[in-house]
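Below is one structure; the comments refer to it alone.
Number of protein chains: 2
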Amino acid sequence: MSKVLVFGHQNPDTDAITSAIAFAYLQNKLGIDTEAVALGAVNEETAYALNYFNTAAPRIIETAANETKQVMLVDHNEFQQSVSDIKELEVLSVVDHHRIANFETANPLYYRAEPVGCTNTIILKLFKENNVTIPKEIAGLMASAIISDSLLFKSPTCTSEDVAAAKELAELADIDLNTYGLAMLKAGTNLTDKSAEDLIDSDAKSFPMGGKNLRIGQVNTVDVSDVLSRQTEVEAAMLKANKDNGFDMFILVITNILDSDSVVLVVGEPKEKVEVAFNVKLENNTALLKGVVSRKKQVVPPLTNAFA
Amino acid sequence: MSKVLVFGHQNPDTDAITSAIAFAYLQNKLGIDTEAVALGAVNEETAYALNYFNTAAPRIIETAANETKQVMLVDHNEFQQSVSDIKELEVLSVVDHHRIANFETANPLYYRAEPVGCTNTIILKLFKENNVTIPKEIAGLMASAIISDSLLFKSPTCTSEDVAAAKELAELADIDLNTYGLAMLKAGTNLTDKSAEDLIDSDAKSFPMGGKNLRIGQVNTVDVSDVLSRQTEVEAAMLKANKDNGFDMFILVITNILDSDSVVLVVGEPKEKVEVAFNVKLENNTALLKGVVSRKKQVVPPLTNAFA
Numbered sequence: 001m002s003k004v005l006v007f008g009h010q011n012p013d014t015d016a017i018t019s020a021i022a023f024a025y026l027q028n029k030l031g032i033d034t035e036a037v038a039l040g041a042v043n044e045e046t047a048y049a050l051n052y053f054n055t056a057a058p059r060i061i062e063t064a065a066n067e068t069k070q071v072m073l074v075d076h077n078e079f080q081q082s083v084s085d086i087k088e089l090e091v092l093s094v095v096d097h098h099r100i101a102n103f104e105t106a107n108p109l110y111y112r113a114e115p116v117g118c119t120n121t122i123i124l125k126l127f128k129e130n131n132v133t134i135p136k137e138i139a140g141l142m143a144s145a146i147i148s149d150s151l152l153f154k155s156p157t158c159t160s161e162d163v164a165a166a167k168e169l170a171e172l173a174d175i176d177l178n179t180y181g182l183a184m185l186k187a188g189t190n191l192t193d194k195s196a197e198d199l200i201d202s203d204a205k206s207f208p209m210g211g212k213n214l215r216i217g218q219v220n221t222v223d224v225s226d227v228l229s230r231q232t233e234v235e236a237a238m239l240k241a242n243k244d245n246g247f248d249m250f251i252l253v254i255t256n257i258l259d260s261d262s263v264v265l266v267v268g269e270p271k272e273k274v275e276v277a278f279n280v281k282l283e284n285n286t287a288l289l290k291g292v293v294s295r296k297k298q299v300v301p302p303l304t305n306a307f308a
Numbered sequence: 001m002s003k004v005l006v007f008g009h010q011n012p013d014t015d016a017i018t019s020a021i022a023f024a025y026l027q028n029k030l031g032i033d034t035e036a037v038a039l040g041a042v043n044e045e046t047a048y049a050l051n052y053f054n055t056a057a058p059r060i061i062e063t064a065a066n067e068t069k070q071v072m073l074v075d076h077n078e079f080q081q082s083v084s085d086i087k088e089l090e091v092l093s094v095v096d097h098h099r100i101a102n103f104e105t106a107n108p109l110y111y112r113a114e115p116v117g118c119t120n121t122i123i124l125k126l127f128k129e130n131n132v133t134i135p136k137e138i139a140g141l142m143a144s145a146i147i148s149d150s151l152l153f154k155s156p157t158c159t160s161e162d163v164a165a166a167k168e169l170a171e172l173a174d175i176d177l178n179t180y181g182l183a184m185l186k187a188g189t190n191l192t193d194k195s196a197e198d199l200i201d202s203d204a205k206s207f208p209m210g211g212k213n214l215r216i217g218q219v220n221t222v223d224v225s226d227v228l229s230r231q232t233e234v235e236a237a238m239l240k241a242n243k244d245n246g247f248d249m250f251i252l253v254i255t256n257i258l259d260s261d262s263v264v265l266v267v268g269e270p271k272e273k274v275e276v277a278f279n280v281k282l283e284n285n286t287a288l289l290k291g292v293v294s295r296k297k298q299v300v301p302p303l304t305n306a307f308a
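These protein sequence lines are chains H and R, in that order. The numbering of the first sequence is the UniProt record's numbering, which starts it at 1 and goes up by one. The numbering of the second sequence is the UniProt record's numbering, which starts it at 1 and goes up by one.
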């Protein structure tokens with residue numbers, strides 16, 4: 001019997017990587033032979049967390065059906081965000097905190113989604129429901145994911161359950177949430193070494209909307225001019241990504257984690273849908289979105305409505 | 001703020017009706033104003049359970065958007081099995097034990113599915129997780145659903161969790177599972193008073209497969225000849241249902257609850273897919289399916305594969 005593979009979405013962020021590690025650990029304790037893997041390289045923020053808690057980055061896979069028949073998905077469900085051969089696999093379990101779409105199974109499965117800010121907040125419940133103790137390192141990685149997804153509790157996606165879970169996990173991991181959290185977030189904002197291609201794609205997801213294929217990327221920074229000073233180069237990379245992958249529009253959400261605002265940079269068409277969605281006027285392909293930090297809660301829903 | 005409506009699938013069976021009642025009760029205790037409703041009249045088995053536990057049948061609705069914006073689904077998720085205007089509503093929660101398909105939301109939600117035999121087995125967990133006491137009548141209705149879905153624990157869909165849940169609920173409801181269960185199941189097998197239309201439609205669901213639209217109905221009986229003696233009349237009703245509703249094929253699963261076998265009766269095309277799915281030869285449009293009692297686990301998956 002081959003191992004059940006557990007993985008988060010493509011272009012993995014800290015929650016995608018650490019929820020796979022935590023959920024695979026839990027499943028192993030429950031007697032199911034699993035391995036946490038990743039659908040891409042870890043970003044600098046996640047690398048900081050993994051290094052801090054002495055954990056190796058999961059092995060990267062391109063396809064899964066060549067080594068297993070069964071998988072468990074964490075932090076995503078939409079097939080276009082999953083492994084390329086997902087339709088050939090049986091999905092045994094999903095633990096997620098996103099909308100459900102473009103997801104289908106032939107058989108009943110375990111599906112646990114809650115409208116909280118982070119997959120690891122749900123996984124903490126699963127550890128408790130199954131009376132499994134969380135090792136210090138895994139608790140630290142789980143806390144890291146909550147800090148990451150909530151931008152240290154500032155995102156509107158953050159619920160009181162996420163805050164309580166992070167505090168409980170920080171206790172187990174023996175960290176100060178603010179000190180550790182700010183250091184980890186800052187580690188993820190070092191954009192200077194990144195090529196324009198890496199910058200637009202490191203946290204990008206595809207969303208089919210109203211017959212169009214949207215690509216929405218997000219970068220965190222402590223200074224949006226770090227990105228906007230490279231606008232010409234970045235736009236060229238976005239246009240090339242559209243052309244190469246059949247995206248109709250590429251939206252890059254540049255989020256200032258200190259101010260909790262974002263600037264969107266848009267290439268492709270129909271741009272007027274972006275203006276309608278956020279009630280803004282694009283100037284030089286950009287617009288400030290005051291108070292917007294969450295792609296899931298503040299970017300995807302208004303775009304979905306505008307394209308409906 | 002209008003009430004959140006809670007309902008199971010069309011052509012409701014005992015689990016669809018009682019899981020709505022139980023989940024709405026739980027949500028009300030948790031401070032969310034909900035009402036259990038139904039997408040059709042209760043069948044005779046469910047009527048027996050409701051009568052035994054002094055509970056009124058839920059109000060029947062045709063549409064929901066005329067009275068609420070938000071709903072909670074139990075015992076189903078596929079939109080074609082749900083209320084007719086489901087796409088105009090926000091789904092806040094789903095508790096289910098079926099495959100996931102034809103289901104999509106714009107926002108994150110609470111989704112709890114487990115591969116167990118009955119929705120009420122999951123709802124029992126939710127009562128415990130939220131420390132809410134289950135009243136005797138609701139415990140009895142929940143036990144009734146587990147008996148119904150598992151055919152008194154004989155169905156392959158039945159898990160050890162279902163058996164344990166039924167025992168725990170029977171204790172709360174002060175019933176003997178076997179005595180009560182057999183009486184309830186037999187109440188549901190009285191087919192003589194039913195028109196052919198009622199007979200084929202009382203527990204029928206639609207399943208899109210491989211570009212075809214399948215309708216799969218199921219009736220429980222203690223003697224399959226009760227149905228097969230009316231084959232001409234029943235086939236005519238099935239053909240008319242296909243014509244009126246655009247079904248390509250109607251499959252009626254006639255299940256003997258004492259022998260735990262089923263006979264399928266098939267009209268429409270392509271019939272050879274049914275033969276492939278179950279490795280049988282149809283004779284006079286019928287075939288015996290030895291040991292088959294579960295539409296979900298033993299009928300839908302092989303058909304899905306045959307149509308893939």
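C-beta: ideal position from N, C-alpha, C; glycine also. Just so you know, these numbers come straight off a predicted model, no measurement behind them.
Coarse secondary structure for residue 99(H), derived from DSSP in three states: coil
Neighbourhood of residue 172(R) by C-beta distance below 7 Å, restricted to the same chain and skipping five residues each side: 134, 136 and 139
CB contact check: residue 62(H) to chain R, cutoff 9 Å: no
CB contact check: residue 7(R) to chain H, cutoff 9 Å: no
Residue burial classification, residue 236(H) (beta-carbon count within 10 angstroms, cutoff 16): exposed
Sub-9 Å separation of residue 45(R) and residue 185(R) beta-carbons: yes
C-beta neighbour in chain H for residue 251(R), strict 9 Å: no
Near-chain H residues of the stretch 89-107 of chain R - C-beta to any C-beta below 7 Å: 97, 98, 99, 100, 101, 103, 104, 105, 106 and 107
Neighbour list for residue 109(H) in chain R, Cβ cutoff strictly below 8 Å: 99, 100, 113 and 115
Environment of residue 281(R) [buried if 16+ CB atoms lie within 10 Å]: exposed
DSSP-derived helix/strand/coil call for residue 128(H): helix
Chain-ordered chain H contacts of residue 296(R) [CB-CB under 8 Å]: 108
Residue 20(R) and residue 42(R) closer than 9 Å at C-beta: no
Buried versus exposed, by CB contacts within 10 Å (16 or more), residue 150(H): buried
Inter-stretch contact at 8 Å, needing at least 3 Cβ pairs: the stretch 279-296 of chain H / the stretch 254-264 of chain H: yes
Interface partners of residue 304(R) on chain H, CB under 8 Å: 106
Contact list for the stretch 196-210 of chain H against chain R, Cβ threshold 9 Å: none
For residue 105(H), the three-state DSSP class (helix, strand or coil): coil
Chain-order list of residues whose beta-carbon lies under 6 Å from that of residue 70(R) (same chain, five-residue window excluded): 4, 90 and 92
Exposure label - residue 177(H); buried when at least 16 CB within 10 Å: buried
Beta-carbon spacing of residue 104(H), residue 79(H) below 9 Å: yes
Reference residue 283(H); option with closest CA among 297(H), 37(H), 11(H) and 267(H): 267(H)
Close-in-space but distant-in-sequence residues of the same chain around residue 187(H) (CB under 8 Å, 5 per side omitted): 44, 45, 47 and 48
Cβ of residue 301(R) within 9 Å of any chain H Cβ: yes
Meets three-Cβ-pair contact criterion under 8 Å: the stretch 117-136 of chain R and the stretch 152-161 of chain R: yes
Member of 248(H), 225(H) and 306(H) whose CA lies at the smallest distance from the CA of residue 286(H): 225(H)
Expected contact under 8 Å - CB spacing of residue 166(R) and residue 147(R) to nearest Å: 7 Å
Contact check, residue 241(R) vs residue 201(R), beta carbons under 9 Å: yes
Reference residue 301(R), options 239(R), 222(R), 216(R) and 179(R), closest by Cα: 216(R)
Any C-beta of chain H under 9 Å from that of residue 45(R): no
Residue 2(R), buried or exposed, once every other Cβ within 10 Å from all chains shown has been counted against 16: exposed
Beta-carbon proximity of residue 155(H) to residue 243(H), cut-off 9 Å: no
Beta-carbon spacing of residue 13(H), residue 203(H) below 9 Å: yes
Collapsed DSSP secondary structure at residue 247(H) in the structure displayed: coil
Among 56(R), 131(R), 227(R) and 206(R), the one whose alpha carbon lies nearest that of residue 82(R): 206(R)
Euclidean distance between Cα positions of residue 94(H) and residue 27(H): 12 Å
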